[in-house]
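S.K.: Note that the numbering used here has the sequence shown beginning at 18, numbered continuously upward.
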Amino acid sequence: MILLRLSPAMTGTVMAVTAMCCVQLGLAVSVGLTGQLGAGGVAWLRLAWAAVIVIAFTRPWRMKFHVRALRTCALLGVATAGMTILFMAAAARLPLGTVAALEFLGPLGIAVTRGKGASRLWAVVAGAGVLALTEPWHGQTDAAGVLLALGAAACWAGYILLTQRAGDEMTGLHALSVSMPVAALVATFTVGPSAFGHLDPGLLLAGLGLAVLLPVVPFSLEMLALRRLNAALFGTLMCLEPAIALLVGLVFLGQIPGPTAVLGIGLVVASGIGATHTGQREPDADAPDSLRQDVTAPTA
């Protein structure tokens, strides 16, 4: 009942943070599968099952899509696949902390370039927190790995902007009925073949459960959150993900954070709280009445 009284900005913030928790829990669960399928294979299995789940529930053949919305959703699917595959490819060449810091340049860039006033300051604080959490200066330099991580950052930035646009152009979660199958097709033609020969019923079942946790639930929540938040705030809130990852690692993997990581958690949490107060979206004059009301009115 408390959530029903929250402002759109606060409701969107809760959705975004919940989505990030699901992502990090899904990544923790994925650790046991990477040895059997490889990082790319696990990414493909998640996206493939996610596409099946989304199609089963949304039944896109019964929907009517405008050409502009269809194009946006298709691009969103490409960005989704690229964000997932490139991150894992970079992590195979560089330390995870280095990749996380480089990938965060995507949402941080959105927060800085699109934000106004204090939101830009919070983005800088968030960036400092991510650096403290990941300590990329301890990693080894690999030119290909750096390029892959920067590609993931570009895809993440595109994912944020395209998710918001898709949420404005379509009602409900219909955008996922197009974007997720597109992401699965991209993954199938790029990294899927490497996993085909290693599949068995147990891995398929595990992949189904994992797809619900990551990406179906978090992507759905992010779609709803971006109808209530501006892209600058959402990009800044994404800086909470390294902190959540550290906590998940502590609880589920026994990874104890050092003093610098604790400092980083404090910085990113402070930036997320500060940005929440300036991040509520304004009504879009071109959006349908139902969507404009959903963005501006408290959740009923």
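Backbone N, C-alpha and C define an ideal beta-carbon position, used for all residues, glycine too.
Does the Cβ of tryptophan 154 have 16 or more other Cβ atoms within 10 Å, making it buried, or fewer, making it exposed?
M.R.: exposed
S.K.: To the nearest angstrom, report how far apart leucine 44 and leucine 64 are at their CA atoms.
M.R.: 13 Å
S.K.: Please name the residue, chosen from Leu230, Pro259 and Ala107, that lies closest to alanine 160 on a Cα-to-Cα basis.
M.R.: Ala107
S.K.: For the alpha helix (DSSP H) containing leucine 246, name the first residue and the last one.
M.R.: Per DSSP, leucine 246 lies in no alpha helix (DSSP H) segment and is marked neither H nor E.
S.K.: Sort Ala192, Leu254, Phe206 and Leu23 by Cα distance to alanine 36 and report the nearest one.
M.R.: Leu254
S.K.: Please return the same chain residues whose Cβ sits closer than 7 Å to the Cβ of glycine 184, not counting the five positions on each side in sequence.
M.R.: Ala192, Met240, Leu243 and Arg244
S.K.: Smallest Cα separation from alanine 249: which of Thr115, Leu92, His83 and Leu125?
M.R.: Leu125
S.K.: List in chain order: all unbroken alpha helix (DSSP H) runs of 4+ residues lying wholly within the region 217 to 264.
M.R.: The alpha helix (DSSP H) runs lying completely inside the region 217 to 264 and spanning 4 residues or more are 218 to 228, 234 to 242 and 248 to 254, given in chain order.
S.K.: Roughly how many angstroms separate the alpha carbons of valine 46 and glycine 224, rounded to a whole number?
M.R.: 10 Å
S.K.: Counting only the same chain and skipping the five closest in sequence on each side, list residues whose C-beta sits under 8 Å from that of leucine 220.
M.R.: Excluding positions up to five away in sequence, the list reads Leu50, Gln53, Leu54 and Leu62.
S.K.: Is it buried or exposed for isoleucine 261, if we count other Cβ within 10 angstroms and need 16 for buried?
M.R.: buried
S.K.: Valine 71 and valine 233: beta carbons closer than 8 Å?
M.R.: Going by C-beta atoms, valine 71 is nearer than 8 Å to valine 233.
S.K.: Report the three-state DSSP secondary structure of isoleucine 273 (helix, strand or coil).
M.R.: coil
S.K.: Could you tell me the alpha carbon to alpha carbon distance between valine 34 and valine 265, rounded to whole angstroms?
M.R.: If I take the Cα positions, the gap works out to 13 Å.
S.K.: Please classify histidine 155: does DSSP put it in a helix, a strand, or coil?
M.R.: helix
S.K.: Answer yes if the region 142 to 152 comes into contact with the region 88 to 100, meaning at least three C-beta pairs across the two stretches below 8 Å, and no otherwise.
M.R.: The region 88 to 100 vs the region 142 to 152: no contact.
S.K.: Using a Cβ-Cβ cut-off of 6 Å (strictly less than) and excluding sequence neighbours within five positions of glycine 175, which residues of its own chain qualify?
M.R.: Ala96
S.K.: Using the three-state DSSP reduction, which class does glycine 209 fall into: helix, strand or coil?
M.R.: coil
S.K.: Residues in the same chain with beta-carbon distance under 7 Å from proline 274, minus the five sequence neighbours each way, listed in chain order, please.
M.R.: Leu263 and Leu267
S.K.: Could you check what DSSP says for leucine 23 in three-state terms: helix, strand or coil?
M.R.: coil
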